[in-house]
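Below is one structure, written out as C-alpha cells, with a few remarks after it.
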Amino acid sequence: MSERNANATDGAAGPTAMPDLAELCRLHDVGIDLIERSHDVDDLLDKVLEEYERRLTELPADAFDSRGGAVPGPVSGKIRALVMFATQAAALKARAASATEMRLKSERLEEMNRRLESALTEAETSRLRLDTVLSSIDAGVMILSPEGRVLRANRAARELLGVPEDVTLAWTAPAVLDSVPREGDAEVRLDDASGTARTLAVSRRTLDPATRDEVVHVADVSRRTREIEERHRLEKLAEVLKTLGVLSHKINNPLTSLLGRAQILMVKKDLDPQVTKAAAVISESAGRIAELIRELALVVKEGRQEAVEKLLEMHPASGEEGGRS
Amino acid sequence: MRILSRRTGNVVHLCFEGGDALDSVSAPSVKAGALECLAEPAHLVVDLTGIEFVDSAGIGALVSIFKTGRARGLTIRLAGAHPNVRAVLEIIKLDQIFEVHDDAEALVRELAVTDRN
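See below:
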C-alpha cells in the first residue's frame, strides 16, 4: 500500500496528488482500452463512472458502518480504488464542464463573428452604394478633418476645385474655402484651368460633433450667376432704352421747330447773306441731329445693345475721329 | 419506501417517504423512480432528508441516477444529507462529483428563480 493510497483511505485532510491514469488502470486491473475507447472528456467521465458503479457493486452492503466510517480489512483496498476513481471522475467532470463552457463560449463567439461579418459586409455594400451615388452626382461632397485636411472627396468636388485625380488624400482643402465660415454658406469665385471664372456655392456643416469632421457641399452656380447677371444687364439696357426713347421724343419736338425755322429763313430772299448762311448751317446740324434721333428711335424699337454700340461708333463724341465742331 | 416528486418550474424535487435508509432494499425502487423523472426537467434535486443510512447499493443508485441524468443533459444535486450520509459521501469522494447542499427547499427555490431569470 502506497503512502498515497493510505492517505486516501483514512480521509485525511489535505489534497491527494492525482494518480497517473495509466498507473491507476495498471494497479486496479482496468484495461488501457478504457482510455483508448474514450475519445473525449465526457466519454471518459462516463466510463470512469461506470467503473465506479461496477466497483460499488463489488463492495459488501456493510462496507460503510452505521456511523458512515469505512470498515477496515480486505474491503479497504476496494474502497481506496473507489476513492481514486471518484477523484478522477471529479477532475474529469470539472474538465468536461470547462470544455462545455469553452465550447459554448466558442459558439457564441462564432455567432458574434458571423454577425459582425454580416454587418461589415452590409456596411461595405452601403459604402459602395454611397460611393457610386456620390461619384455620379454633379455636386461636390468632401469630408474635412478639423485641421482642414481632405479625408474624402467625390469626383465632382475634385473637378470643381481643380484637383487632379492622382492627388492622394490628406490633401489640404483649397484656400478658396477659407472664405466660407464653419457652419456657413457662401459663394466663391474661382478660375478653372482654362481661365474661365466659375461661381461656386459652398456650404460647410459639422458631420460628427465628436470628431469635429466637416462635410462640405460644393455646387457650380456659374450658369445661374451668369443668368442673373444677364438679366441685370438686360434690365439696365431696358432702362437705358426707355430713357433714350423719352429723350428722343423730347428732343424731337424742339428740333423740328428749329429745323423748320431754319428752312424758312433759307428760302427768304431779302435776308443778309450771313443770316442765310447761318440758317443753312443750323438746318444741316439740325438735320444731323434729327437723323441721330431717328436712329436712336430705331434702337429703342429694336432693343438691341449692339445697335446702341454701333450708333456710338458711327457718331463719336466731338473732338474724336469723325466728329465735327 | 415511497418516492415523491414535486415540480417547481423546471425543477423536480425528489424526496423519500416511509424509510430512513437508502440501501440494497430500497435502492432499486429509488433508482427506477428517479429515472422516470429524468425525461424533461433541467434540474433534479434528490432530497435525502430523513435518510440516515446509506450502503454501497444506495450509493450505486445515486451514481446511476447521476450518470443517466448527465447523459440526458440534466443536472443532479443532492440536498439535506444526514451527517452519517454526508460522511460516507466524503469518504468515497462522491462529494467531489455530486453537488451536496444543506437545504433542499431553498435549493429548489434558488434553481427555479435562476431559470425564470
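Residue numbers (numbering that gives the first Met the number 0), protein chains in the order written: chain A, 0 to 324; chain B, 0 to 116. All residues carry an ideal CB built from backbone N, CA and C; glycine is no exception.
Applying the criterion that 16 or more other CB atoms from any shown protein chain within 10 Å of the CB defines a buried residue, is residue i buried or exposed?
| i | result |
| --- | --- |
| V112/B | exposed |
| R1/B | exposed |
| G72/B | exposed |
| E16/B | exposed |
| N252/A | exposed |
| V132/A | exposed |
| I50/B | buried |
| A122/A | exposed |
| G57/B | buried |
| Q273/A | exposed |
| G259/A | exposed |
| T86/A | buried |
| I263/A | exposed |
| V107/B | buried |
| E229/A | exposed |
| R222/A | exposed |
| H12/B | buried |
Step through the CB atoms of chain A and report whether any lies within less than 8 Å of the CB of residue i.
| i | result |
| --- | --- |
| I91/B | yes |
| D118/B | Missing from the structure shown is residue 118/B; chain B here goes from 0 to 116 and no further. |
| D22/B | yes |
| L110/B | no |
Of all Cβ atoms in chain B, is any one closer than 8 Å to the Cβ of residue i?
| i | result |
| --- | --- |
| K92/A | yes |
| V82/A | yes |
| I136/A | no |
| I78/A | yes |
At a CB-CB cut-off below 7 Å, which residues of chain A make contact with residue i?
| i | result |
| --- | --- |
| G59/B | E52, L55 and T56 |
| S63/B | E52 |
Within the continuous beta strand (DSSP E) that includes residue i, where are the two ends?
| i | result |
| --- | --- |
| A200/A | A196 to D207 |
| E16/B | V10 to E16 |
| D219/A | D212 to D219 |
| L189/A | D184 to D190 |
| V99/B | E98 to H100 |
List the residues of chain B that residue i touches, going by C-beta distances under 7 Å, in chain order.
| i | result |
| --- | --- |
| A88/A | I96 |
| A85/A | I91, K92, L93, Q95 and I96 |
I'd like to confirm the pairing. Which residues does DSSP put opposite residue i in its beta bridges?
| i | result |
| --- | --- |
| R157/A | In DSSP, R157/A forms no bridge with anything. |
| V149/A | L143/A and W170/A |
| H42/B | V10/B and T74/B |
| I2/B | F15/B |
| V53/B | L21/B |
Taking residue i as the query, report the chain A residues whose CB atoms sit under 8 Å from its CB, ordered along the chain.
| i | result |
| --- | --- |
| K66/B | D45, L48, E49 and E52 |
Cβ closer than 8 Å: which chain B residues qualify as neighbours of residue i?
| i | result |
| --- | --- |
| D61/A | D54 |
Kindly list, in the order they appear in chain A, the residues whose Cβ is closer than 9 Å to that of residue i.
| i | result |
| --- | --- |
| V107/B | Within chain A, no residue comes near V107/B; the closest Cβ sits about 22 Å away, beyond 9 Å. |
Check for me: the alpha helix (DSSP H) holding residue i runs from which residue to which?
| i | result |
| --- | --- |
| K92/B | No alpha helix (DSSP H) holds K92/B; DSSP gives it neither H nor E. |
| D41/A | V40 to E57 |
| P272/A | P272 to E301 |
| V29/B | A26 to E35 |
Quick one: does the C-beta of residue i sit closer than 7 Å to a heavy atom of the ligand GDP?
| i | result |
| --- | --- |
| S256/A | Among the ligands in the structure shown, none appear at all, so the ligand GDP cannot be discussed. |
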